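J.:
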Amino acid sequence: MTTVDSSAPVRHLPLPGTYNVRDVGGYPTRDGGIVRWQRLFRSDALSEMDDAGVAELIRRGLRTVIDLREPAERDSAPDPFPGPVPEVLARPVFEGRLGSDDRPGLAAVYERMVDDFGPQLAAVVRDLARPGALPALVHCTAGKDRTGVVVALVLAIAGVDRDVIAADYALTGEYLGAGFIAAAQARLAGFGVPHQVRDDLLACPPDLILRTLDRITDAHGGVENYLRAHGATAGELTALRTALVETL
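In case it helps, the numbering used here puts the sequence shown at residues 380 to 627.
1. For the beta strand (DSSP E) containing D446, list its first residue and its last residue.
2. Any idea what DSSP makes of A469, helix, strand or coil?
3. According to DSSP, T408 sits in a beta bridge with which residue or residues?
4. Measuring only the C-alpha atoms, how far is A431 from A469?
5. For the segment 430–447 against the segment 391–404, do three or more pairs of beta-carbon atoms, one drawn from each stretch, fall closer than 8 Å, so that the two count as touching?
6. Just curious, the beta strand (DSSP E) that E625 is in, first and last residue?
7. Looking at the unbroken beta strand (DSSP E) that takes in H518, where does it start and where does it end?
8. Taking the alpha-carbon positions, what's the D542 to L589 distance?
9. Let me check understanding here. Comparing Cα to Cα, which of F460, D524, L619 lies closest to E706?
10. Taking the alpha carbon of G349 as the point to measure from, which residue in R448, V488, F473, A434 has its own alpha carbon closest?
11. What three-state label does DSSP hand D430 in the structure shown?
12. Can you list, in chain order, the residues of its chain with a C-beta nearer than 6 Å to that of A487? Leave out the 5 residues immediately preceding and following it.
13. Return the residue from the list D540, Y554, I536, A613 that minimises the CA-CA distance to V602.
14. Leaving out five residues before and five after Q417 in sequence, what residues of the same chain have Cβ atoms less than 8 Å from its Cβ?
15. Does the Cβ of E553 have 16 or more other Cβ atoms within 10 Å, making it buried, or fewer, making it exposed?
16. Applying the 10 Å Cβ sphere with the 16-neighbour rule, what's the burial state of L627?
17. Between V624 and Y398, what straight-line distance do the alpha-carbon atoms span, to the nearest angstrom?
18. DSSP state of H391, grouped into three classes?
19. If you drop the 5 nearest sequence neighbours on each side, which residues of the same chain put their C-beta closer than 7 Å to that of E615?
20. Leaving out five residues on either side along the sequence, give the residues of the same chain with a beta carbon under 7 Å from the beta carbon of T526.
21. I'd like to confirm the pairing. Which residues does DSSP put opposite F420 in its beta bridges?
22. Answer yes or no: do D429 and G538 have a C-beta to C-beta separation smaller than 7 Å?
23. Would you mind sorting A424 into buried or exposed? The rule is 16 or more other CB atoms within 10 Å of its CB.
24. With distance defined between alpha-carbon atoms, name the residue in N604, P457, D458, S426 nearest to G498.
25. In the structure shown, what three-state DSSP assignment does V533 receive?
26. Can you check whether the CB of V493 is closer than 7 Å to the CB of R594?
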């Protein structure tokens, strides 16, 4: 049974069958606001979450689930929501184009993600900006890389300082735990991935997301310009910021 107290803000939601479900609320913004609690959640795969976990997220008002995984990932571990609320949106970031034989290091994956898949990332941000989309949950398999980049972009739009964004990103390393890491290591070993590369792919150092934000800024002048270059409108980004940020 789920033991989360839904009456008070809490960062990590220890829902059975999950490792890395957490609320992105409570972070201060540069203009003196704060990201609202229970508006945006991030997580690992939810396929093993039990009925009590589903009910807990629904009690928290969840309206939208954005699944960043590829079709094969979704087919083997489908989301557990029966619908119609929350609405589950399949938004595969890589659309089968990352290449299973590339096996690049994690830094290279992030570079390619922001360089080559900007329209896909912007589409997720636009989904979150839709009227009535929040509260929403964004997830992939570990809730680390694809989810980490999307949440970093959203928090940047909200006006959260980059060091806070990096700290939120790094929390995944705390929450995934030894069990998840061991299982992921075993899967990667089965694919013939060398041990050093496996360690790299499972890491979540805060400087990695900082370098990713720097890469976006160097190329576009900032996250907002990056998202607008890939299809988001100024109105959508303003609407998302307004929905997420509470003025103190």
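In this text, a Cβ means the ideal position worked out from N, Cα and C, and glycines have one as well. For clarity, every value in this text was computed on a predicted model and none was experimentally measured.
T.: For this structure:
1. 443–446
2. strand
3. In the DSSP assignment, T408 forms a beta bridge with V539.
4. 23 Å
5. Touching, yes, given that three or more Cβ pairs across the two stretches are closer than 8 Å.
6. Segment 624–626, the beta strand (DSSP E) holding E625.
7. 515–518
8. 8 Å
9. In the structure as shown, the chain begins at 380 and stops at 627. Residue 706 is therefore absent and cannot be evaluated.
10. The structure shown does not extend to residue 349, since the chain spans only 380 to 627, so no value can be given for it.
11. For D430, the secondary structure class from DSSP, reduced to helix, strand or coil, is helix.
12. none
13. The shortest C-alpha separation from V602 is found at I536.
14. P388, D402, G404, R439, G440, P514
15. exposed
16. Classification for L627: exposed.
17. 26 Å
18. Reduced to three states, the DSSP call for H391 is strand.
19. R505, A508
20. R421, L447, V517, H518, C519
21. D402, L516
22. No, these two residues do not count as a Cβ contact at 7 Å.
23. buried
24. The sequence shown places Pro at residue 498, not Gly. Closest by alpha carbon: N604.
25. helix
26. yes
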